[in-house]
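First residue of the sequence shown? That's 1 in the working numbering, and the numbers climb one at a time after it.
Take a look at the structure below.
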Amino acid sequence: MSVKRVLQYGEKSLREPSKEVHKVSKKIQELVQDLLDTMYAKNGVGMAAPQIGVNYRVFVIDVSKNDEPLNPIVFINPKIIKKSGSCVAQEGCISFPEAYTDVKRYSDIMVKALDRQGRPFVLEAKDGELLARAIQHENDHLDGILFIDHCVNRFETDEVLAKHKLPPIEPERLIND
Numbered sequence: 001m002s003v004k005r006v007l008q009y010g011e012k013s014l015r016e017p018s019k020e021v022h023k024v025s026k027k028i029q030e031l032v033q034d035l036l037d038t039m040y041a042k043n044g045v046g047m048a049a050p051q052i053g054v055n056y057r058v059f060v061i062d063v064s065k066n067d068e069p070l071n072p073i074v075f076i077n078p079k080i081i082k083k084s085g086s087c088v089a090q091e092g093c094i095s096f097p098e099a100y101t102d103v104k105r106y107s108d109i110m111v112k113a114l115d116r117q118g119r120p121f122v123l124e125a126k127d128g129e130l131l132a133r134a135i136q137h138e139n140d141h142l143d144g145i146l147f148i149d150h151c152v153n154r155f156e157t158d159e160v161l162a163k164h165k166l167p168p169i170e171p172e173r174l175i176n177d
């Protein structure tokens with residue numbers, strides 16, 4: 001397929017909730033491949049459909065390290081069904097080039113979704129590992145929520161955004177879990 005243009009923070013559609021996928025069609029298969037191609041081209045860990053301007057509940061993740069083979073995971077219509085604990089870690093986003101800030105997430109989660117072939121699966125991610133944080137980050141994109149909405153310090157985050165010529169956070173969108 002192809003590498004797509006990634007929407008940048010400030011573009012309105014990043015804040016819009018996504019629609020359920022009713023059928024894992026050829027169109028959805030192509031979307032998955034575009035997400036993977038774009039994520040790898042941008043050296044990302046994850047990519048959600050809204051980031052390339054497609055309003056469907058689909059995201060991809062690959063947390064493999066440089067010396068490991070690629071291990072993409074496809075999530076269609078994901079739902080986080082269990083969450084507990086908390087952790088704070090630096091996060092960034094391909095839609096926020098080079099802007100990183102401390103974000104609070106659940107440390108342990110369980111998600112159910114459909115895979116690339118439309119088969120249901122359940123995946124557990126624990127101990128605040130990258131996979132757990134990435135699933136929450138990408139899943140948020142499907143609801144129009146961005147990582148900065150979970151920031152630990154809104155003033156530091158605003159400074160980071162300003163340094164990268166990005167709009168400030170929207171205080172009314174801050175999430176205090």
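Idealized CB from N, CA, C, for every residue including glycine.
Assigned secondary structure, residue i (DSSP; H/G/I helix, E/B strand, else coil)
i, result
"leucine 123", "strand"
"glutamate 170", "coil"
"leucine 31", "helix"
"isoleucine 145", "coil"
"threonine 139", "It is asparagine, not threonine, that sits at residue 139 in the sequence shown. Asparagine 139 falls in the helix class under three-state DSSP."
"serine 13", "helix"
Proximity of residue i and residue j at Cβ, strictly below 8 Å
i, j, result
"histidine 31", "alanine 99", "According to the sequence as given, residue 31 is leucine; it is not histidine. Taking 8 Å as the Cβ cut-off, leucine 31 and alanine 99 do not qualify as a contacting pair."
"glutamine 51", "valine 3", "no"
"histidine 137", "phenylalanine 147", "yes"
"arginine 57", "lysine 82", "no"
"glycine 128", "valine 24", "no"
"alanine 89", "aspartate 108", "no"
"valine 74", "valine 60", "yes"
"lysine 112", "lysine 163", "no"
Proximity to residue i [Cα-Cα], best of the options
i, options, result
"arginine 154", "Asp140, Lys163, Glu138, Leu174", "Leu174"
"leucine 70", "Arg57, Asp140, Ile76, Gly46", "Gly46"
"valine 103", "Glu159, Asp34, Val74, Asp149", "Asp149"
"glutamine 8", "Glu170, Ala113, Cys93, Pro17", "Cys93"
"threonine 101", "Ser86, Ile169, Ile135, Leu114", "Ile169"
"leucine 142", "His22, Ala49, Leu114, Ser95", "Ala49"
"glutamate 11", "Ile145, Val152, Cys151, Glu156", "Ile145"
"serine 95", "Lys42, Arg105, Ser64, Asp115", "Lys42"
Per DSSP, cross-strand counterpart(s) of residue i
i, result
"valine 152", "Looking at the DSSP assignment, valine 152 forms no beta bridge with any residue, so it has no partner."
"lysine 104", "Val88"
"valine 111", "Ile80, Leu123"
"lysine 19", "Tyr56"
"phenylalanine 96", "Cys93"
Pick out the complete alpha helix (DSSP H) segments inside the stretch 34-89, 4 residues or longer, and give them in chain order. Complete alpha helix (DSSP H) runs here, min 4: none at all.
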